[in-house]
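In case it helps, UniProt numbering puts the sequence shown at residues 1 to 70. These notes concern the structure reproduced below.
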Amino acid sequence: MRGSNLTHSNNNAGAEAGRSTGTEHKLADLLKCKAVSDAIINVSHLRVNNTKENFREGKTANAIHEWENK
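Have a look at this one:
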């Protein structure tokens, strides 16, 4: 009986270790996703602000489109 408990205990230790590693990978993936998401938001804000400034300066939407696609 004692050996049976020891085996069960060791199996649980392996499962816990696997779960811990999986959690670390998931956390790293979430942090990468957050960084990418923040970068996209920052670029979007820059684009909106740039467009607003161009319109304030009297540039047409067509001129902005041509300038961005050079």
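The C-beta atom is built at its ideal place from N, Cα and C for all residues, glycine as well.
Residue i, DSSP secondary structure in three states
i	result
GLU53	helix
GLY58	coil
Contacts around residue i, its chain only, beta-carbon distance under 7 Å, and the 5 residues preceding and following it disregarded
i	result
LYS31	In the sequence as displayed, the identity of residue 31 is Leu instead of Lys. If we look at LEU31 and ignore the five residues flanking it on each side, it has no Cβ neighbours.
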